[in-house]
Each structure stands twice: as structure tokens, then as C-alpha cells.
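Okay, so here's the structure we're looking at.
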Amino acid sequence: MNSFGVQGYWHSLAIFAAHYRQSPLQASAILVGIILAVTLLTGVRATNENAIASYASVTELLSQQASYTISPKFAQSHINESLYFDIRQQGISQSLAVIEGVLMDAKQKPWRVQGSDLIAAISALSHQVADGSHSTASAPSPFSGDIPLARLLNGAPVVLMSQSLANTYLTQPFSLAGQPLEIIAVSDDFNLGQRLLMDISLAQRLMGQKGQLSYIALFGELTYQIPQLESLIAQQALLVENDNGASMTALTDSFHLNLTAMSLLAFIVGLFIAYNGVRYSLLKRQHLLTQLQQHGILKISLIAAVISELFVLVIIGAVIGFILGLQLSYWLQPMVSVTLEQLYGANILPGKWHWSWLAQALLLTFFAALLACSSLFVDLYRQPLARNSNKLINEHSAHQSHKTMLFIALALGTIATIGMPFSDDYRVTMVLLGLVVIAIPLALPWTLMQLVSLISRLFTKGLVGYQVAETKELVPPLSLAMMAILLALTANISMNTLVGSFEITLKQWLDARLHADLYMRPPSDKVEDIARYLQQQPDADKVYKQWYLKSSYQGYPSFILTRDANSIEQTTVLKQAMEDIWQQFFDGRFVLLSEPLALKLGLNVGDKLTITALGDKPFTLAGIYFDYGNPYGELLIPPALWQQQNLPAIPTSLAVAVTGDEQALILRIQQTFELSDAQIYSQQGIKQLAVTMFKRTFSITQVLNSLTLLVAAVGLFNACFMLTQSRLAPIARLYCLGINRGQLRLMVFVQMWLIVLLTCLVALPTGALLGYLLIHKITYQAFGWTIAMVWDWQAYFQVIVLALLASTLAVMLPLYKQTRRPLVSSLQSELL
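45 is the number of the first residue of the sequence shown in my numbering; add one for each residue after it.
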């Protein structure tokens, strides 16, 4: 570019700045799209990355990270605390006894509780600080006044809670398992997340697990002590090296991928809005751009100025969106924390952010915006000097653009259709689904034109005929906003279908799975006594037993379990099974697998499998049963096989069918065996808790889905507002022909409603298609759940009403102002 070209570039920028000072609406329309896109992208990214970073930074009490953990063997659910004392007597002082579990508060809300040996924790921390392996700056001192060590060590009913979490509960009475507790708020730097911490003696008492531990954490460098440790614990436990969160990351991968997909969807919707703003701005400046060229400014200078203008707007919008995105992450993280901690047992720490996220958001947004607007820049470069706002040329260009987008949509749809049946991995399926998501809005402009053309054939005369004919001319300028609203409506309909279908399927499964009235998980030393006691009670009809142990199969964490024969037949909801399955299953040569585990292993009924925990004998897979909401796989074996393998004889849990007063029986059991409320569950309580907890799996997705719809509604508002402002002269001409103000307003409203309704009409089948793929492909492959697809017509009606409301509000204000303007000023706008 020569010196004249450089001067033209700077002159063009100055003129564009003056233009935006006169028309701030055009700049704001572009900024709104960029801000909303970056806000949702940054908010979800911060939430995801903080959660994943928490897996790698998982800590024990006082922000120490364990090098190894000693966990129960597969045939045990807990470790006897005598092993902990043996380890410390062997000179391995940097160890910490931990018991953890879930306790209910007075409102039946579950809380993850961890009890630790505080003296050992403080000793280990002091040792790390002394040798420089632990930074005192990273966490406050445990000897600070925030932590009442003396009271904790004496077993006082005190629980430690992070400050951010305690702000909600400090003013309320707080209790767990019926025990009133005092909340002590500590700094978020202790990395408690959503966990509650207390002394181990108090935790064992509340959980009814005296003398038992969940695991033992080991700190520091233990390379030379590992042989000694393995020899010491060989008969009771397993030594597991810290994997820095790799297993938890793999377990929650599909959850985070789901959030990422929703954020990218919102990002695309935001870019549609920004592109619409850029397109409108260039169309309004078309005459100005032609005049600048006629005054000698080179096309390359104009295009460079337009791109620079876009870059400045991207910087402003991305910075504002980044700040708002961090705030959004602050609101979203508690939802993610509750889901991940209760469903997967992950500890989510307070969020942190990085400047690199802003730089990446800037580059991604500018590249995407430049790519989206490339066709506009090409049109600008090819525009002849003699060309002005020629309506015929614009219509022809729009028609060609619609055909091109339709061709691209058909190509993407064809690729997805061919690839979908062969995809067995949810990541690949997600990519193919992304092609479908892109194809759906690309086909909309051509589809809308065809639908309006069909309607116009029904109305050919009078004002109605004119109104429908003019609606066809409104499709091109509104097409981008309609593409954004279609994308949001399609996603909303599909997600509502998924969530509603999942809830109904889960409730039906729970009705079949929960056959007893009461379920109990008492301490192992009381199980047999409670079972005998229940068999003697007149209001306890039947007593059912369940045994299970932690294990893994081919690298997948799982449980091996069995129940009494009656429970197995009544509660196992089979998906696939051999003929006469129960007669064959109970002879000890067959096993059943949960659906998620069978899908991960690629096993089908009749396949052979060898279970290491049960020896080298091969078993035949007799059936696959449904299992929802469980992130771990299950292997169900017959009771006779459990006994043959010398697995723990004491049941892990009990279930009771009650014929009398349920509450009276619960009270007698609690008084006789000193059980807490957290150890006895009613059938209705379990159903309510299960539905509530597993709905949270999709709750954040629904929030993002609603935000995406809101973003699209804002885009629709902007598009309708700008379009209405650009139609000053046509409205004035109709007024001159005798159409009164009321008729003019109604006509414009009906035109907008018609386009929005047609878009909603297209959204119903596309939403159904996306919902089908989400349910039968993505959810099935990612979680291993077979869900029956159920239509939620009420939810569909609500999103359609929201779209109509957005268009009504967008048209109302500018239309009212413009129909109140003097007639001459409106007609003069046609000459500008």
C-alpha cells in the first residue's frame, strides 16, 4: 500500500468513527454479539478448567497433596484404624487417617463429610514447611485463630466449612445426622471446596463407623519405604500412587465435553448476532463507501479500514465479555461443584483465571468474525464504482447466498448422515452432531423463502397480499437473526426433550429398582443383629440383603455385588438377557453387567469374561441390565458364587418391606441400635434425592441452553430494531396511501410474527432430530444410558412464546416512534 493508500486508510478510519458517533446503534449491535459470545465461551471454559485443575490438585486437610493412599482391598469397604497405628509405629509419620462419607442435614440435603486426624495433619504440614516442600503462602496457618484446634481435638461438635460456602449457612441452625453442629468458616485457601471437615472421632460417631477408616493418605517422598509399606498392609489394603487426577478427569470427561459443546453453540449464536450487525452497518454505509472510492480512496484501503474497525470492536467486546464471563463462571461453579462432588465424588476448589484466556478469546473471536464477514468484504471489493443501493442487485446477491448456504448445509448433513451409523465414540459423534448443528441454520434462509412463497400464493390481492409479498423481502435482512434464533430454539427443544425423557425414564426405573420400603446401611458390626431383629418384628414383612465390594474391570472402576435371590429377580431391570435367565443365572456360571459397563467393554449377551477378583474361571454374560446415574460399572453375580469365593459374609446394606407404621419402625431401630438418620432411607426419600441429584447433571446445561436462547433473543431484538429503523420510507409511503397508524403497526407486527413463527415451525423437526441424536447417540455413548424419547409440548410452546415476545418488544418501541414522526422526515430518509 503506497503513501496515498495509507492516508486513505487513516481517512477512512476517521470517517467510520464519525459514522458510529452518529449511528451508535450499529456499533452496539456488533458489540452485543461479540460480548455475549465471549461471555459464555469464557464462563464455561473457566468453569471447566477450574474443575479439571481441581482433580489434579486434590488435597487432604490443610491443603497438602498426598503422594500415595492406602485404600481398602476389593473385598472390604473400610480399613481398620489399627493399621494406621501400625504404620505410624513403623516410623512413617507423614500419614493421615481419613474417613469420609455423605450425611444428611435437617432438610435432607446430602453433604460430603471428611474426618481427619488433625494432630497428624498439622505434624505433616509442619514437616513440609520445614523442608520447603510446602509453601506457607499457598495456605493460611492451621495455628491461626480461624481454626479452634483445642475444641476440634476434644471431639466438640464443630465442622469446618469454606468461607464462600459458610456465608449461606452461618445464620442458620446446622445439623448433620440429627447432631447440631457449630460452623467455623475458614479461608477458601484451605481448598475445602464443598466438603465439610471435622475431627475423625466426631465423623466416626456421626457415620456410625467407630474404628473404621476410608483410606490413609501418605505424604512426602516414600520411594525407599514402599517395600516396607506393601509388606505391612498386604493382608488388609492396597497402596495406590496419586495419579494427579487422571482417573477423575477420565470419569467426568463426557460431562465437561457437554458443557464445552453448549458454550461453543452459544459462541456461534453470538457470532451470528455480530455478523448481522456488521452486515447491517456495511449496507447502511454502502453509499458512503461508494463516495469514498469516487474521491480516490483505494478499495484495499477501505477494506483494511473495515477490518481494523472490526478488530477494534472485537477487542472492546472481548474484554467486556471476558470480565462478564469470569462473573458467569463465579455463578456457574457452585452448580458444577454440587453435581461433580455428589455424583462423582470430586472435590472442586475455588476458581482461578488466567490472562491467556483473554488472548485466546481475542484471537478466536477475531478469526471467527473475520471468517464470517469474509463474504461481505469480497462483495465490497467487487463492488463497481457506479453501483449504489440497487435493490435488484441486492436481491440477486441474497438469492445466490441462500443457494450457497443450502448447498453447504446439504453437504454437511450428508457427511453427518453417512458417518453417524459408524460412530461408536461419543467424541466423534459430537463432531458429527456439530456438523448437523451448523447445517440446520444454513438451510433456513432458503427454507423461509420457500415457505413465504407458498403463503403468498394464498393471498394475492389487497393489503394482505402486499403484506405477505413484502414479508418475502424482509427474509434476507432478517435471515441471520432467524438463523441464530433457530439454532437456540433447536438446542432448547432438544435439551428439554433430553432432560424430560431422562427424568421420566429415571422415575420408572426407580419404581422398579426400589422394591422395599426402607433401606439401611448400618455399621458392619451391627448388620447381623439388625437383620435378626427385623425378622422378629411383626410390621417388617421381608428383609432383603445386599453385598458389594469395590473393584475394577479392565481398568474401569466398578463394583462386584450380589443380593438375595428374591431381590435380584424383582429389582434387576433387564435390557437384554438369555432365555430362562434366572434358572441359569443362579447356578453360578453366569454374571450380569450394568449397561454402562457392558457398553464400555463392548460385551454382548453370551460373551465370555474373566473377573480377576473371582479367580481365573471364565463366566458367561447372561444379561445386561439398566443402571442410571451411576458413574461406576456393576457386575452382578449370584449369591452362591459370592459364598464360594469367600467374599465378605456380612451384608453391606439391608432393605425391609414394611406392613405397619414405617416411622414407628424407624424409631425403634434407631433407639435399639443407635443409628442416625443418615443410615436409614425411605423409598420416597431415595427417589426424591436421586431425581434431584441426577437432574443436576443436566441443570447447568439447561442454564447454558437458556442463556443461549436469551442471546438469540437479544440478536432478534437487535435485528428487528435495526430493520424497523431502515423501513422509514416504506412505512411513510403506506401512510400516504391512506393506511392509518394502527394498521401500519399491526401490519409490521404480523410480518415479524409470521417470520418468527415459520422459524419456530422449522425448529420443531430440527429440535426433534437433535434430541433424538442426543438421546440415542451422545447420551448413550457417553453415559451408557438407554433413554426412551418423550415429547414435552409445554416446553416447546414456552420457547415459541419467548421468541414471539422478543420480536414484539424489538418492534414495539422503534415502530411507535417512527409512526409518530412527521411524514416528510420519514420520506426524506429514502433520499439519504
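Ideal Cβ positions, reconstructed from N, Cα and C, are used throughout, including at glycine.
query                                                                                                          : result
Three-state secondary structure assigned by DSSP to ARG239                                                     : coil
Where GLN223 falls: helix, strand or coil (DSSP)                                                               : strand
Beta-carbon proximity list for ASP175, same chain, < 6 Å, skipping 5 on both sides                             : Confidence at ASP175 is low in this model, with a pLDDT of 49, below 50, so its placement is unreliable and the value that follows should be read with caution. Nothing meets the Cβ criterion.
LEU346 and LEU333 closer than 8 Å at C-beta                                                                    : yes
8 Å contact criterion, which TYR588 and PHE603 should meet: CB distance rounded                                : In fact, because the Cβ distance is near 17 Å, the residues do not count as touching under 8 Å.
Residue environment, ASN749, which counts as buried when at least 16 other CB atoms sit within 10 Å            : buried
Separation of VAL157 from VAL202, as counted between CA atoms                                                  : 12 Å
Three-state secondary structure (DSSP) of PRO683                                                               : helix
Alpha-carbon spacing of ALA560 relative to ASP585, whole angstroms                                             : 10 Å
Per-residue burial, PRO521 [other beta carbons within 10 Å of its own, 16 or more giving buried]               : buried
Entirely enclosed alpha helix (DSSP H) segments - the segment 537-616, minimum 4 residues                      : 571-579, 609-615
Residue-chain proximity (PRO224, chain B), Cβ-Cβ < 8 Å                                                         : In the structure shown, chain B cannot be found, because there is only a single protein chain.
Those residues which DSSP pairs with GLN256 across a bridge                                                    : ASN124
Closest Cα partner of GLN152 within the set THR823, ILE775, TYR725, ASP836                                     : TYR725
Nearest neighbour of PRO601, chosen from GLY632, GLU678, LEU531, GLU572 [CA to CA]                             : GLU678
Straight-line Cα distance separating GLN337 from ALA62                                                         : 18 Å
Cβ separation of VAL755 and GLY369, assumed to be a contact under 8 Å, to the nearest whole Å                  : The pair is not a contact, with the Cβ atoms about 13 Å apart (cut-off 8 Å).
For SER160: DSSP bridge partner residues                                                                       : VAL142, ASP243
Sequence-distant residues of its chain with Cβ nearer than 7 Å to ILE822 (five each side left out)             : TYR470, THR473, MET474, LEU477
Rounded distance between the beta-carbons of THR803 and LEU488, thought under 8 Å                              : 7 Å
Neighbour-count burial assignment, GLU639, 16 or more Cβ in a 10 Å radius                                      : buried
One or two residues paired with GLY667 in a DSSP bridge                                                        : ALA621, LEU636
Cβ-based neighbour list, TRP626, same chain, cut-off 7 Å, excluding 5 preceding and 5 following                : GLU613
Sequence-distant residues of its chain with Cβ nearer than 6 Å to LEU85 (five each side left out)              : SER307, PHE311
Assigned exposure category for LEU817 - 16 Cβ within 10 Å defines buried                                       : buried
For MET251 and PHE466, the rounded distance between their alpha carbons                                        : 49 Å
ALA850 classed as buried or exposed, judged by whether at least 16 other C-beta atoms fall within 10 angstroms : buried
Candidates LEU454, LEU450, GLY650, of which the one nearest MET493 by Cα                                       : LEU450
Expected contact under 8 Å - CB spacing of GLN253 and HIS122 to nearest Å                                      : 7 Å
Check whether LEU531 and LEU309 have beta carbons under 8 Å apart                                              : yes
Beta-carbon proximity check, GLN590 vs SER568, cutoff 8 Å                                                      : no
Selected residue, minimal CA-CA separation from LYS652, among GLN787, GLN238, LEU658, THR664                   : THR664
Per-residue DSSP class, three states only, for LEU342                                                          : coil
Whole-number beta carbon distance between LEU240 and LEU204, since they are thought to touch under 8 Å         : 7 Å
Proximity to GLY815 [Cα-Cα], best of PRO68, ALA535, ILE452                                                     : ALA535
TYR112 versus ILE260, GLY199, SER72, ILE452, residue with shortest Cα-Cα distance                              : ILE260
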